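Take a look at the structure set out below.
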Amino acid sequence: MFKQLQGAGFNNQAQEVLLFHHLALQTSRVYVYQPIIWRPRGAQAKVALSAFMPGVARNSISSTVFNEACSPEETKHISIRVTYSALWDYAMQQLSGNEKCIVVDVWILNWDFLASPALHFIWPEFKKYLANHFQWSGAIETISQRAHQDLNLRSGDEGDPYVALHFRRGDFEGHCHSLAEHQTGFTTWATLPSLQPSISPPALDTTNTTSVIDHCYPTLHRIVEIIDSLVHDKPHLRTLHVLHDGAWDHPLVYAQHYSLEATLTNAARARTAGWVGGPMKRVTHSGQVPIRWREADWAVMVDVELARRAEIFIGNGYSSLSTQVVALRLGADGGRVEDIALL
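Numbering (the numbering used here), first residue to last: 2 to 344.
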């Protein structure tokens with residue numbers, strides 16, 4: 002059983018759960034899963050993991066069952082404190098013994114490790130893991146299918162092919178300034194060497210505050226220029242779906258979204274920018290996803306799935322949601338890096 006992140010955003014918790022499950026399987030151990038701490042329901046509200054990712058819960062056991070089955074005498078406690086480059090291999094060695102029950106007492110997949118090059122060595126096997134084990138719950142799949150149908154976004158052979166843009170705003174501006182102050186780079190899978198050509202120029206320079214802000218909290222002008230570069234010569238891509246975090250306490254997100262929509266659907270501007278076949282015909286967004294009563298818990302996961310299925314995904318390398326989409330597109334789906342752009 003691992004010491005896991007509690008109470009952060011869903012995708013922060015999910016990426017850690019998936020990596021721990023992968024580590025357990027690599028060492029022929031049964032993964033011990035814990036509930037997701039779901040803050041939308043309350044600071045310490047717990048929701049069963051199977052409500053989100055049943056593929057992880059399958060053939061695993063809950064922390065409750067672990068505590069019942071493992072007496073103190075049968076449980077080995079370990080503390081892993083090594084360099085990031087050695088962490089994964091060392092953890093595999095420690096977990097590969099004959100002990101019936103093991104508890105890892107320290108948080109090993111911390112933020113710094115997840116942003117380090119050490120993660121790159123895990124990726125080849127983790128890609129296979131995602132292809133074999135990742136699965137959304139039936140509720141998430143149902144809502145996603147409904148969203149594709151209602152918004153006429155392509156799923157299989159039906160609907161319009163579309164570009165998905167992760168428009169991360171809301172409270173992210175302050176977070177980006179903090180990241181710039183600490184000279185922080187992209188997180189998790191956005192750091193993969195194979196994805197570096199997908200980073201929109203100019204290149205990220207973590208020693209330059211302006212550079213970090215440009216990539217973490219880009220202006221509308223920069224976002225529009227990036228969309229121009231990706232779709233101006235692809236006339237079949239004239240539908241954009243925007244994933245955003247607009248809410249009653251972040252009303253400016255909607256204002257910025259509608260400004261973006263007005264710009265991208267402007268025929269005169271499209272001609273000036275060299276768009277073949279005219280401007281965007283439709284711009285849909287997260288607020289239009291058909292979430293019904295008692296389905297709000299799954300809205301974030303549906304956003305991830307809609308971005309995963311887009312022909313082109315434009316994401317934010319500082320966001321766990323975007324990097325989760327990247328991992329699923331490249332790993333679970335065997336997609337192409339050429340169809341991903343990072344702001």
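A virtual CB, placed ideally from N, CA and C, is assigned to each residue, including glycine.
In this text the structure is predicted, and so the values were computed from the model without any measurement.
field: Pick from Gln94, Trp112 and Arg42 that is closest to Gln16, judged by C-alpha positions
entry: Reading the sequence shown from its first residue, position 15 is the one you call residue 16. Of Gln94, Trp112 and Arg42, the residue nearest in Cα terms is Trp112.
- prompt: Quick one: any contact between the region 125-145 and the region 205-220, if contact means 3 or more CB pairs under 8 Å?
  reply: They do not touch, by the three-pair rule.
- prompt: If you drop the 5 nearest sequence neighbours on each side, which residues of the same chain put their C-beta closer than 7 Å to that of Glu312?
  reply: Your numbering for residue 312 matches position 311 in the sequence shown. The answer, listed in chain order, is Pro162, Tyr163, Val164, Leu238 and Asp340.
field: Distance, Val284 Cα to Ile315 Cα
entry: Looking up residue 315 in the sequence shown gives position 314. Looking up residue 284 in the sequence shown gives position 283. Distance between the alpha carbons of Ile315 and Val284: 14 Å.
- request: With distances taken Cα to Cα, identify the nearest neighbour of Val225 among Ile79, Phe3, Ala87 and Ala342.
  value: Taking the first residue of the sequence shown as 1, we reach residue 225 at position 224. Nearest to Val225 by C-alpha distance, out of Ile79, Phe3, Ala87 and Ala342, is Ala342.
field: 3 or more residues per run - each beta strand (DSSP E) lying fully within the region 223-265
entry: Segments of the beta strand (DSSP E) lying fully in the region 223-265: 240-245.
message: Once DSSP output is grouped into helix, strand and coil, what is the label at Gly175?
response: By 1-based counting over the sequence shown, the position of residue 175 is 174. In the structure shown, Gly175 sits in a helix (DSSP, three-state: H, G or I).
- prompt: Looking at Phe21 and Met302, is the spacing between their C-beta atoms short of 9 Å?
  reply: As a first step, residue 302 must be located in the sequence shown, where it is residue number 301. As a first step, residue 21 must be located in the sequence shown, where it is residue number 20. In terms of Cβ geometry, Met302 and Phe21 do not form a close pair [threshold 9 Å].
query: Which of helix, strand or coil does DSSP assign to Pro71?
result: Sequence index remark: in the sequence shown, residue 71 carries index 70 (1-based). Looking at the sequence itself, residue 71 is Cys, so the reference to Pro does not match. Correct three-state label for Cys71: coil.
field: Other residues of its chain near Ala297: CB distance less than 8 Å, five sequence neighbours each side excluded
entry: Here residue 297 is taken as the residue at index 296 of the sequence shown, counted from 1. Beyond the five residues adjoining it in sequence on each side, Ala297 comes within less than 8 Å, by CB distance, of Pro41 in the same chain, given in chain order.
task: Spatial neighbours of His258 within its chain, please: CB distance less than 7 Å, with the 5 preceding and 5 following residues excluded, ordered by chain position.
output: The count along the sequence shown starts at 1 and reaches residue 258 at position 257. Correct list, in chain order: Phe168, Val243, His245, Gly247 and His286.
task: Since I believe Ile103 is in contact with Ile79 (beta carbons under 8 Å), could you give me their beta-carbon distance rounded to a whole number of angstroms?
output: Counting from 1 along the sequence shown, the entry for residue 79 is found at position 78. Counting from 1 along the sequence shown, the entry for residue 103 is found at position 102. The distance from the Cβ of Ile79 to that of Ile103 is about 6 Å, consistent with a contact at the 8 Å cut-off.
- request: Identify which residue in Cys71, Ala263, Pro291 and Ala25 has its Cα closest to the Cα of Pro280.
  value: On the sequence shown, residue 280 is found 279 positions in, with the first residue counted as 1. Selected option, being the one with the closest Cα: Ala263.
Lys77 versus Gln95, Val48, Arg310 and His149, residue with shortest Cα-Cα distance: The residue you call residue 77 lines up with position 76 of the sequence shown. It is Gln95.
message: Here's the rule: buried if 16 or more other CB atoms are within 10 angstroms of the residue's CB, otherwise exposed. What is Arg310?
response: To locate residue 310, count along the sequence shown from 1; it is residue 309. With 16 or more Cβ atoms within 10 Å of its Cβ, Arg310 is classed as buried.
field: Asp161 - partner residues in DSSP beta bridges
entry: For the purposes of this step, residue 161 is identified with residue 160 of the sequence shown, where counting begins at 1. Looking at the DSSP output, Asp161 sits in a beta bridge with Leu154.
- prompt: Where in the region 30-88 do unbroken runs of the beta strand (DSSP E), each at least 3 residues long, occur, reported from the N-terminal end onward?
  reply: Every beta strand (DSSP E) stretch that sits fully inside the region 30-88 and reaches 3 residues is listed by chain position as 76-79.
field: Neighbourhood of Ala271 by C-beta, 7 Å cutoff - its chain only, sequence neighbours within 5 removed
entry: Here residue 271 refers to the residue found at position 270 of the sequence shown. Within the same chain, Ala271 has close Cβ partners Gly279 and Pro280.
- prompt: Taking 9 Å as the CB-CB limit, is Thr208 close to chain D?
  reply: In the displayed structure, chain D is absent; only one protein chain is listed.
message: Within a Cβ cutoff of 7 Å, which residues of the same chain sit near His233, ignoring the five residues on either side of it in sequence?
response: Here residue 233 refers to the residue found at position 232 of the sequence shown. Hits under 7 Å: Ala274, Gly275, Trp276 and Val277.
- prompt: Along the chain, which unbroken stretches of the alpha helix (DSSP H) at least 4 residues long are found entirely within the region 85-139?
  reply: Fully enclosed alpha helix (DSSP H) runs of 4 or longer: 85-96, 112-115 and 124-134.
message: Restricting to Cα atoms, I'd like to know which of Phe187, Ile228 and Asp229 is closest to Pro118.
response: The residue given as residue 118 occupies position 117 in the sequence shown. If we check each option's Cα against that of Pro118, Phe187 comes out closest.
query: When the distance is taken between beta carbons, is Thr324 closer than 9 Å to Trp190?
result: As a position in the sequence shown, residue 190 is number 189, starting the count at 1. As a position in the sequence shown, residue 324 is number 323, starting the count at 1. Judged by their CB atoms, Trp190 and Thr324 are nearer to each other than the 9 Å cut-off.
task: Take the Cβ of Thr192 as the centre, count every other Cβ of all protein chains shown within 10 Å, and call the residue buried at 16 or more, exposed below.
output: Walking along the sequence shown from the start, residue 192 turns up at place 191. By the neighbour-count rule (16 or more Cβ atoms within 10 Å), Thr192 is buried.
- prompt: Regarding Gln14 and the ligand ADP, is the C-beta to nearest heavy atom distance less than 8 Å?
  reply: Inclusion of the ligand ADP in the displayed structure is not the case, the ligand content being empty and no account of it being possible.
field: Sequence-distant residues of the same chain with beta carbon closer than 7 Å to Tyr91, five excluded per side
entry: Taking the first residue of the sequence shown as position 1, residue 91 is located at position 90. Apart from sequence neighbours up to five positions away, the residues of its chain that approach Tyr91 with a beta-carbon distance below 7 Å are Ile81 and Val83, ordered along the chain.
query: Out of Phe114, Leu166 and Ala44, which has the shortest C-alpha to C-alpha gap to Val326?
result: Here the question's residue 326 lines up with position 325 in the sequence shown. Out of Phe114, Leu166 and Ala44, Leu166 has the C-alpha closest to the C-alpha of Val326.
field: Enclosing beta strand (DSSP E) for Ala268 [first to last residue]
entry: To locate residue 268, count along the sequence shown from 1; it is residue 267. Looking at the DSSP string, Ala268 is not in any beta strand (DSSP E); the run it does join, the alpha helix (DSSP H), is Ala268 to Thr273.
query: Shortest alpha-carbon distance to His1 belongs to which of Val213, Asn153, Pro252 and Ser63?
result: Outside the modelled stretch of the chain, which goes from 2 to 344, sits residue 1, for which no answer is possible.
message: Rounding to the nearest angstrom, what Cα-Cα distance links Ala116 and Asp304 in this structure?
response: Against the sequence shown, residue 116 aligns to sequence position 115. Against the sequence shown, residue 304 aligns to sequence position 303. Using only the alpha carbons, I get a separation of about 23 Å.
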